[in-house]
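Undergrad:
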Amino acid sequence: MIQAFDNVFYLILHCLNLITYAYFLFRIFFMIDGVNEEYSTDKTTTYLWQFTAVTMLPMLLVGIYLIFRNNGINGTWLYFNLLFLMSLFQLILEVLVYTKTIYKDLGVKNSIIDVIAFGYLTVSSTILIIGLSEKIYI
């Protein structure tokens with residue numbers, strides 16, 4: 034397991050990313066009322082929340098699989114780059130919404146926690162891609 038990630042730091046960073054994604058998914062699938070309340074949405078948006086979560090779920094499952102895969106993370110550049118791109122685009126959206134650059138007339142809201150979370154995921158994905166490049170780009 035540790036050998037697949039070169040060292041324990043990259044394994045821990047990968048696991049922290051998975052925990053972050055799992056937390057968001059858990060809230061959307063099992064605590065949707067709290068999500069609706071936090072973002073001032075009603076129950077009619079449940080489908081949209083869960084549609085978004087379903088698109089993230091395979092990335093979480095593949096990330097867990099990579100920890101135990103026989104070949105480790107060799108050749109998994111697409112997975113790590115997709116996570117980076119998803120995090121980057123979500124970070125851009127979160128910053129634009131938080132600064133009221135977009136959707137200001139719609140009453141859309143988010144919190145600084147959203148910006149920080151996707152900022153963390155973007156930076157940590159970058160660190161993983163750079164640190165594991167010898168393995169993932171085989």
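Numbering (the numbering used here), first residue to last: 34 to 171.
Beta carbons are placed, not taken as given, at the ideal position from N, Cα and C, and that holds for glycine.
#1: Going residue by residue through the region 94-164, where are the continuous beta strand (DSSP E) segments of at least 3 residues, counting only ones entirely within it?
#2: Run through DSSP, which three-state label would S222 get?
#3: Nearest CA to the CA of Y80: which residue from F62, T134 and Y170?
#4: Exposed or buried, Q36, counting other C-beta atoms within 10 Å across all chains shown (16 or more means buried)?
#5: With DSSP collapsed to three states, give me the class of I169.
#6: Quick check on the burial criterion: 16 or more other C-beta atoms within 10 angstroms. Buried or exposed for D66?
#7: Based on Cα-Cα distance, which residue from I149, D39 and Y153 lies nearest to L116?
#8: Residue range of the alpha helix (DSSP H) that I45 falls in?
#9: Which of helix, strand or coil does DSSP assign to M89?
#10: Within its chain, find whatever has a CB closer than 8 Å to the CB of V148; leave out the 5 residues flanking it on each side and keep chain order.
TA: Reading off the structure:
#1: none
#2: No answer is possible for residue 222: the residues shown for the chain start at 34 and end at 171.
#3: For the purposes of this step, residue 80 is taken as the residue at position 47 of the sequence shown. With distances taken between Cα atoms, Y80 lies closest to F62.
#4: Within the sequence shown, numbered from 1, the residue matching residue 36 stands at position 3. Within 10 angstroms of the beta-carbon of Q36 lie fewer than 16 other beta-carbons, which makes it exposed.
#5: Taking the first residue of the sequence shown as 1, we reach residue 169 at position 136. Looking at I169 - three-state DSSP - the assignment turns out to be helix.
#6: Within the sequence shown, numbered from 1, the residue matching residue 66 stands at position 33. Exposure of D66 is indicated by the presence of fewer than 16 other C-beta atoms within 10 angstroms of its C-beta.
#7: Here residue 116 refers to the residue found at position 83 when the sequence shown is read from its first residue. It is Y153.
#8: The sequence position of residue 45 within the sequence shown is 12, counting from 1. Counting along the chain, the alpha helix (DSSP H) containing I45 begins and ends at V41 to F63.
#9: Here residue 89 refers to the residue found at position 56 when the sequence shown is read from its first residue. Of the three classes helix, strand and coil, the one that applies to M89 here is helix, per DSSP.
#10: One-based indexing of the sequence shown puts residue 148 at position 115. So the list reads L124, E127, V128 and Y131, once near-sequence residues are dropped.
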